[in-house]
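First comes the structure, then the notes that go with it.
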Amino acid sequence: MTERFASPGTRAEVEEGAALTPRFGPDGLVACIAVDAQDGRVLMLAHMNAESLGRTLETGEAWYWSRSRGELWHKGATSGQVQRVVEMRVDCDQDAILIRVDVGGDGGCCHTGRRSCFYRAVRRDPATGTIALVPADPER
């Protein structure tokens with residue numbers, strides 16, 4: 001459904017122009033980072049296809065494409081954690097999207113019950129070279 005958006009033009013048009021011409025990958029997807037509109041905390045990374053991006057723009061609520069389920073996904077439809085888009089940005093070459101959101105329900109975004117999907121930090125022990133995941137900060 002990429003017909004919702006014009007094809008990317010020249011490099012100058014993509015980087016400096018006023019037209020939204022997302023550069024969907026070969027799989028038809030573009031990465032989307034959701035951050036909390038109040039504190040700037042990164043909440044999640046998901047993917048959008050042309051249909052979910054179009055619905056997000058039309059409704060003001062975040063819609064994604066679930067790669068694991070192979071279906072359109074209205075964030076919060078079952079959990080109540082609806083993401084109301086406060087602002088949408090696109091990166092320089094229009095192959096990544098950033099949305100600032102207010103989150104409904106309990107304010108969480110992760111299916112594990114946490115506020116953010118990024119709740120673990122990667123640590124390397126310099127003495128042993130061992131890599132481990134550790135809590136990034138206190139979460140519920």
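All residue numbers for the sequence shown refer to full-length UniProt numbering, where the first residue is 1 and numbers rise by one. Cβ atoms here follow ideal geometry from the backbone N, Cα and C, with glycine treated the same way. Because the structure is a prediction, the values reported are computed rather than measured.
- A distance of 8 Å or more separates the beta carbons of M48 and S116.
- Counting only runs of 4 or more residues that sit fully inside the region 27-77, the alpha helix (DSSP H) segments are 50-59, in chain order.
- About 6 Å separates the beta carbons of S52 and L72, which is inside the 8 Å limit, making them a contact pair.
- The Cβ neighbour count for D36, taken over all protein chains shown within 10 Å, is at least 16; the residue is labelled buried.
- Following the DSSP letters along the chain, one finds V14 inside the alpha helix (DSSP H) bounded by residues 11-16.
- Between G76 and G105, the CB-CB gap stays under 8 Å.
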